[in-house]
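All the letters of the sequence shown, read from the start, carry residue numbers 1 to 176 under full-length UniProt numbering. Ideal Cβ positions, reconstructed from N, Cα and C, are used throughout, including at glycine.
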Amino acid sequence: MIYWEIFLAFFIPGIIGYGGGPATIPLIEHEVVHRYEWMATSEFAEVLAIGNSLPGPIATKMAGYIGFQEAGVLGAVIALFATIAPSLILMIILLSVLMKFKESPKVKLLSQIVRPTIAVLLGAMTYRFAETSVVDSGWAHSLFLVIISYWLIEKRKLHPAWVIGGSLIYGGIFLS
1 MIYWEIFLAF
11 FIPGIIGYGG
21 GPATIPLIEH
31 EVVHRYEWMA
41 TSEFAEVLAI
51 GNSLPGPIAT
61 KMAGYIGFQE
71 AGVLGAVIAL
81 FATIAPSLIL
91 MIILLSVLMK
101 FKESPKVKLL
111 SQIVRPTIAV
121 LLGAMTYRFA
131 ETSVVDSGWA
141 HSLFLVIISY
151 WLIEKRKLHP
161 AWVIGGSLIY
171 GGIFLS
């Protein structure tokens with residue numbers, strides 16, 4: 001029964017919490033503190049503070065912690081799944097609708113509009129990252145990493161994960 005309760009405690013906020021993690025926090029708090037009484041408000045506040053201090057989505061971190069606290073590893077897995085299940089279900093439904101109407105002129109027009117928009121957003125993000133890199137690390141290091149990364153990925157066909165890992169090691173040695 002605890003696994004079903006954990007699932008509901010995180011699935012329901014995921015369905016009705018429009019706006020992502022921050023919007024679901026009060027709903028999760030209601031389920032965890034008031035409905036199931038797994039923790040006090042002060043303890044929930046501490047879990048929220050820890051979740052905010054770590055990278056990544058808040059709701060999934062809290063779900064993993066609370067699920068583990070209540071029912072071990074399986075409880076954490078169920079809580080995490082329940083947190084992402086509403087988005088997963090919605091994405092599958094939307095993708096199936098999109099695939100059904102992929103030949104529609106309106107859907108084709110939407111795709112033609114979205115692709116350049118995404119390209120511009122990615123370009124702007126790349127520019128900001130490059131600007132930050134030059135300011136924080138200097139031209140020489142930034143240019144060296146760009147040239148070496150390009151050569152390793154395009155010419156040597158090395159997987160980008162290895163290039164990223166190598167760049168992290170380079171930064172740890174030469175930029176710290």
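Asked                                                                                                                            : Found
Using the Cα positions of Gln112 and Pro105, report the straight-line distance between them to the nearest angstrom.             : 10 angstroms
Over what stretch of residues does the alpha helix (DSSP H) that includes Leu143 continue unbroken?                              : 139-150
Around the C-beta of Glu89, are 16 or more other C-beta atoms found within 10 angstroms, so that it is buried, or is it exposed? : First, the residue type needs correcting, since residue 89 is Ile and not Glu in the sequence shown. Exposed, by the Cβ-count rule.
Consult DSSP for Lys61 and reduce its assignment to one of helix, strand or coil.                                                : helix
Assign Pro55 to one of three DSSP states: helix, strand, or coil.                                                                : coil
Tell me which residue opens and which closes the alpha helix (DSSP H) that Ile153 is part of.                                    : Per DSSP, Ile153 belongs to no alpha helix (DSSP H) and is neither H nor E.
Shortest alpha-carbon distance to Ile58 belongs to which of Leu48, Ala124, Ile66?                                                : Leu48
Residue range of the alpha helix (DSSP H) that Glu5 falls in?                                                                    : 2-16
Is Leu122 helix, strand or coil by DSSP?                                                                                         : helix
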